[in-house]
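Notes to accompany the following structure.
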Amino acid sequence: MDWLGNLAPVLLTLVGGGAGWLLKSKLEAKRRVEESLQEEAAQIYLEILLPFATLFSDLSPKSQTETLEKIKSREYREKSFKLVLVGSDEVVSSWNSMWSTIYAAERGEEQSTDILIEFGNVLLAIRRSLGNSSTSMSNRDLLKWLIKDIDTVKPNV
Numbered sequence: 011m012d013w014l015g016n017l018a019p020v021l022l023t024l025v026g027g028g029a030g031w032l033l034k035s036k037l038e039a040k041r042r043v044e045e046s047l048q049e050e051a052a053q054i055y056l057e058i059l060l061p062f063a064t065l066f067s068d069l070s071p072k073s074q075t076e077t078l079e080k081i082k083s084r085e086y087r088e089k090s091f092k093l094v095l096v097g098s099d100e101v102v103s104s105w106n107s108m109w110s111t112i113y114a115a116e117r118g119e120e121q122s123t124d125i126l127i128e129f130g131n132v133l134l135a136i137r138r139s140l141g142n143s144s145t146s147m148s149n150r151d152l153l154k155w156l157i158k159d160i161d162t163v164k165p166n167v
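When you read off a place in the sequence shown, starting at 1, and then add 10, the result is the number in my numbering.
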């Protein structure tokens, strides 16, 4: 029985060390996957948002037409699909809400300023998903760089 008393600490050390190593390796693998997804999501977010930045900042008819064609393209739809797959729940929800508002505006049910509000919500959701979860900025704050006369637009934008 003496040998059992001597062997027990060694076995406990081996089992505990093995369990610790296994847990650590699983956590590291999960973190690597999350970092990879976050990098991919950041790239997709950028590609998805750039046409809207152009749409809201360059109001010339030529630019508007070209930008709308980009947004209607198959390539853009593929990027939107990727956003739905890798984006956070909040980003996907705000993205869908913005598009619902765009479709309603096309039917004459919403105002164009409502689209700005929704676009600001998308920016805010993306900001949170990329690590600024406790941001104190508002959707309006995130639109100020893009829309020079935002202070003259509807108060809740």
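Backbone N, C-alpha and C define an ideal beta-carbon position, used for all residues, glycine too.
| Asked | Found |
| --- | --- |
| Alpha-carbon to alpha-carbon, aspartate 159 and valine 101 | 26 Å |
| Cα-Cα separation, lysine 72 to lysine 80 | 13 Å |
| Touch test, the segment 144-152 against the segment 122-131, Cβ-Cβ under 8 Å, three pairs minimum | yes |
| Closest by C-alpha distance to leucine 140, when choosing among Leu17, Ser35, Glu45 | Glu45 |
| Integer Cβ distance of glycine 97 from alanine 63, believed to fall under 8 Å | Glycine 97 to alanine 63, Cβ: 18 Å. No contact. |
| Per-residue DSSP class, three states only, for methionine 147 | coil |
| Beta-carbon proximity of alanine 135 to isoleucine 125, cut-off 7 Å | no |
| Coil, strand or helix - glycine 15 by DSSP | helix |
| Residues near threonine 77 by beta carbon distance below 7 Å, same chain, minus five either side | Pro61, Thr64, Leu65 |
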